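Data first, discussion second: the structure below is written as structure tokens.
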Amino acid sequence: MKLVKAVEMQDIDHRAVSEFGIPSLILMENAGRQTAEMVEDMSGCLEGKKVIILAGRGNNGGDGLAAARHLLNGGACPVVFLLGQADQLSPDSEINLTILQKMTDKIYPLIEEGHWEKLIWELLGGDIIIDAIYGIGFKGGFSDFETRIVQLINHSKLPVLSVDIPSGVDADSGAVRGEAVKAAATVTFALPKLGLVLEPGREFAGRLTIADISIPGDLLENPHLPVNLITEAMAASLLGPRDINAHKGTYGHALLIGGSTGLSGAILLAAQGALKSGAGLVSAALPASLVGIFDAVSREVMSIPLVETLQGAIALEALPAIENILGTSSVCAVGPGLSRYNEANAILRFILERAGIPVVIDADGLNALEGDINIIKERQVPVVLTPHPGEMARMTGKSIEEIQADRIHYAVHYAREWGATVVLKGNKTIVAAPDGQAYINITGNPGMASAGSGDILCGMITGFISQGITPVKAAVLAVYLHGLSGDHAAAARGQRGLVAGDLLEALPQVMAQFEKKK
């Protein structure tokens with residue numbers, strides 16, 4: 009499903025009217041009907057419910073006015089407060105106001121102090137509020153008077169349904185500058201807006217419903233729209249059924265290279281992530297002194313001992329052995345537990361030159377790129393990079409604050425520049441493809457901010473690639489299931505004590521649910 013900015017949604021609306029001949033008034037009518045149905049869903053029934061509607065001067069307010077008519081016909085008692093005079097409304101909103109005036113006299117212009125006490129009185133006896141003050145075109149902040157209205161809404165303790173987006177939330181970034189309506193639910197039309205899934209906008213939106221207002225599907229699935237929401241349906245489509253005649257070779261051989269003294273757990277978790285995501289064979293190539301510890305803990309993963317340095321990291325003398333095992337593998341991941349040392353860059357460069365298979369670079373593999381990012385551009389194989397914001401900052405020369413302020417932009421920009429898939433981890437992990445498409449994940453929770461969680465994600469991406477899934481799709485599937493496993497584990501055990509191993513335990517159960525649905 010596509011995620012859109014305000015200008016992209018406005019263009020879709022315009023094209024629906026100009027190219028498909030759908031009158032804009034019909035789009036507003038459908039939005040109003042969907043809003044009224046959402047009120048019924050939230051309230052249980054419409055009969056006798058007092059619905060206070062705050063309507064702005066633009067088309068968002070017109071949606072609220074159309075909803076008022078449907079609510080009246082459904083037996084509810086809507087009371088409308090207009091933030092402006094009738095002659096200030098958009099043309100379609102004015103038409104809806106004219107119709108509504110013939111059905112009810114409970115329409116009050118809320119201009120400065122006029123009808124302020126009436127609004128307070130109605131809120132005291134109300135059942136639900138519809139916020140139709142500002143839509144996706146909102147920029148900047150409220151006037152002092154509008155701020156007072158929003159504060160009154162938020163302090164009323166009534167459930168609030170926002171139309172398209174909570175008033176005060178920036179549709180492109182989710183930013184809130186000052187006050188914004190805190191909705192219990194938001195009904196948005198045709199496609200979700202970026203500001204509804206990015207923080208802090210997501211917290212203000214409450215339960216999000218995406219409603220059809222009859223915009224043609226070709227406009228909504230336009231491949232030129234660059235940002236996508238990773239949904240359950242998308243993930244399920246990538247997680248196909250297992251072949252009844254399959255054997256362990258059917259689902260590939262995932263190779264993970266890393267580990268060092270004190271960091272053996274990282275490659276173990278990554279290997280388990282690959283195994284539990286469905287890879288047929290998984291091998292871990294690690295310093296020889298760690299093999300005994302590794303084998304004692306992991307029964308299903310094959311271990312490959314490598315020559316090591318005096319400090320217990322992989323030595324350059326191990327490169328011939330690495331080249332041999334690359335030739336028998338379907339995909340290679342390098343970095344978990346590798347440690348930061350001078351030889352790491354040479355090892356990574358060698359792997360990229362000789363691999364002949366997709367390469368996933370994580371953790372200390374990313375640190376080995378610092379100051380030598382051009383080796384990514386020079387490689388001949390698909391590459392997936394999995395940085396957290398700090399690693400992304402080091403790789404790009406930007407500050408963490410810059411990266412976090414515009415995560416989608418930087419992920420997409422550098423995915424294009426490097427010709428690699430970039431998985432920018434964090435709250436709302438972003439998968440950016442070399443072709444400019446971006447995928448935003450909304451599964452996961454703060455309990456996953458725990459050591460080893462990223463290693464498991466690296467392993468999962470590697471495991472899905474080994475099964476023949478393209479690197480971009482493998483990353484999309486992995487981040488969704490990784491977050492969903494974290495959500496299932498948190499639901500069972502709470503967030504505070506969540507550890508990486510809990511995700512590994514939950515992952516097969518999560519994937520089993522997809523298999524049952526299929």
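Counted from 1, the sequence shown has number 494 at position 486 by my numbering; the numbering is strictly sequential. For each residue, glycine too, the CB sits at the ideal point set by N, CA and C. All of these numbers come straight from a predicted model, not from anything done at the bench.
C-beta contact flag for residue i and residue j at 8 Å
i      : j      : result
LEU204 : THR194 : yes
SER164 : LEU131 : yes
SER175 : TYR142 : yes
ASN350 : ASP380 : no
GLY70  : ILE61  : no
ASP370 : GLY462 : yes
LEU314 : ALA304 : no
GLY444 : PRO234 : yes
LEU79  : LEU108 : no
ALA341 : VAL309 : no
ALA39  : ILE221 : yes
ALA179 : ALA14  : yes
ALA363 : VAL389 : yes
GLU384 : PRO397 : As written in the sequence, residue 384 is Ile, which differs from the Glu given in the question. In this structure, PRO397 does not lie closer than 8 Å to ILE384 by Cβ.
LEU346 : ASP372 : yes
PRO479 : LEU432 : no
VAL87  : ILE138 : no
ASP135 : SER51  : yes
GLU187 : PHE150 : yes
VAL158 : ALA192 : no
TYR116 : PHE153 : no
GLU229 : LYS481 : no
LEU298 : SER337 : no
SER170 : ALA213 : yes
LEU374 : GLY343 : yes
ILE103 : LEU33  : yes
LYS110 : CYS85  : no
LEU506 : MET456 : yes
GLY209 : VAL177 : yes
Bridge partner(s) assigned by DSSP for residue i
i      : result
PHE150 : For PHE150, which the question treats as bridged, DSSP gives no partner whatsoever.
PHE89  : LEU62 and TYR116
LYS201 : VAL12
ASP139 : LEU62 and SER170
SER311 : ALA292
ARG77  : BP columns for ARG77 are empty, so no partner.
THR217 : VAL195
THR478 : DSSP output for THR478 lists no bridge partner at all.
Simplified DSSP state of residue i, which is helix, strand or coil
i      : result
ALA5   : This structure does not reach residue 5, given that the chain is present from 9 up to 526, and the question cannot be answered.
PRO224 : coil
PHE1   : Past the boundaries of the shown model lies residue 1; the chain is included only from 9 to 526, so the question cannot be answered.
ILE275 : helix
LYS58  : strand
ASP172 : coil
CYS340 : strand
THR155 : helix
ALA296 : helix
HIS163 : helix
PRO454 : helix
ALA486 : helix
LEU206 : coil
ASN236 : strand
THR269 : coil
HIS261 : strand
LEU377 : coil
VAL189 : coil
ARG387 : coil
TYR447 : strand
GLU316 : strand
ILE369 : strand
VAL25  : helix
VAL430 : strand
Min CB distance residue i to chain C below 8 Å
i      : result
SER493 : Among the chains in the structure shown there is no chain C, since it carries only a single protein chain.
Own chain residues within Cβ distance below 6 Å of residue i, not counting five before or after
i      : result
ILE464 : LEU277, GLY281, ALA508 and LEU511
ALA243 : LEU485 and TYR488
ASN162 : LYS190
GLY64  : LEU91, ILE141 and TYR142
ALA44  : ALA75, HIS78 and LEU79
VAL339 : ALA262, ILE365, PRO366, THR470, ILE473 and SER474
ALA321 : SER268, SER347 and TYR349
Own chain, CB closer than 7 Å to residue i, minus 5 neighbours either side, in chain order
i      : result
ASN453 : GLY494, ASP495, ALA498 and GLN503
Residues near residue i by beta carbon distance below 8 Å, same chain, minus five either side
i      : result
GLU207 : GLY182, ASN435 and LYS436
VAL12  : ILE20, LEU199, PRO200, LYS201, LEU202, LEU233 and VAL235
GLU386 : LEU360
GLY300 : none
Q.
Whether or not the segment 282-292 and the segment 465-485 are in contact is what I'm after, with contact meaning three or more pairs of Cβ atoms, one per stretch, closer than 8 Å; do they touch?
A. yes
Between the segment 261-279 and the segment 289-308, can you find at least three pairs of beta-carbon atoms closer than 8 Å? yes
- Item | Three CB pairs or more closer than 8 Å across the segment 481-492 and the segment 446-457 | yes
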